[in-house]
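Peer 1:
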């Protein structure tokens with residue numbers, strides 16, 4: 001990891017395997033953005049389309065309808081208008097890093113286990 005006035009730079013290793021090519025996560029503190037600069041060799045991604053996101057929202061509404069609950073509002077769960085990319089390992093690392101950052105703790109190292 002490296003820290004400058006503007007950036008936090010993290011390396012991440014899927015499955016903790018430091019013998020494989022690491023990925024790079026860049027946190028821009030000034031612009032409050034997160035970017036995967038380089039995906040790790042053992043990571044993979046998936047584009048979640050607008051249709052997939054809205055199908056999930058519709059599915060939740062179908063269950064709510066069956067249970068006679070109010071349907072989701074646009075405020076609760078807005079209809080999707082843009083696709084996004086999901087990564088398997090980097091997203092978990094980012095979540096852990098941001099959790100610490102939002103608690104005013106800049107993580108120097110760590111791990112995230114979810115399975």
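Numbering (the UniProt record's numbering), first residue to last: 1 to 115. Even glycine gets a Cβ: it sits at the ideal position worked out from N, Cα and C. This one's a predicted model, so the numbers in the text were calculated from it and none came from an experiment.
1) How is the alpha helix (DSSP H) around residue 56 delimited, first residue to last?
2) Does the segment 50-58 touch the segment 26-41, meaning 3 or more C-beta pairs lie closer than 8 Å?
3) What separation, rounded to the nearest whole angstrom, lies between the Cα atoms of residue 93 and residue 41?
4) Tell me which residues share the same chain as residue 44 and place their Cβ nearer than 6 Å to its Cβ, disregarding the 5 neighbours each side in the sequence.
5) For residue 75, name the three-state secondary structure that DSSP assigns.
6) For residue 3, does the three-state DSSP call read helix, strand or coil?
7) Could you check what DSSP says for residue 27 in three-state terms: helix, strand or coil?
8) Between residue 98 and residue 22, what straight-line distance do the alpha-carbon atoms span, to the nearest angstrom?
9) Starting from residue 96 and walking both ways along the alpha helix (DSSP H), at which residues does that stretch end?
10) Would you mind stating whether residue 85 and residue 25 have Cβ atoms separated by less than 8 Å?
11) How far does the beta strand (DSSP E) with residue 108 in it extend, from its first residue to its last?
Peer 2: In short:
1) The sequence position of residue 56 within the chain shown is 56, counting from 1. Counting along the chain, the alpha helix (DSSP H) containing residue 56 begins and ends at 50-66.
2) no
3) Position 93 of the chain shown holds residue 93. Position 41 of the chain shown holds residue 41. So the two alpha carbons sit approximately 15 Å from each other.
4) Your numbering for residue 44 matches position 44 in the chain shown. Result list for residue 44: 88, in chain order.
5) On the chain shown, position 75 is the one that residue 75 refers to. Three-state DSSP puts residue 75 in coil, outside helix and strand.
6) Counting from one through the chain shown, the residue named residue 3 turns up at place 3. It is a strand residue.
7) Here residue 27 refers to the residue found at position 27 of the chain shown. Residue state, collapsed to three classes: strand.
8) Within the chain shown, residue 98 is the residue found at index 98, counting from 1. Within the chain shown, residue 22 is the residue found at index 22, counting from 1. Straight-line Cα distance between these residues: approximately 19 Å.
9) As a first step, residue 96 must be located in the chain shown, where it is residue number 96. That run of the alpha helix (DSSP H) goes 90-102.
10) The count along the chain shown starts at 1 and reaches residue 85 at position 85. The count along the chain shown starts at 1 and reaches residue 25 at position 25. Not closer than 8 Å, so no.
11) On the chain shown, residue 108 is found 108 positions in, with the first residue counted as 1. It is not in any beta strand (DSSP E) - residue 108 carries neither H nor E in the DSSP assignment.
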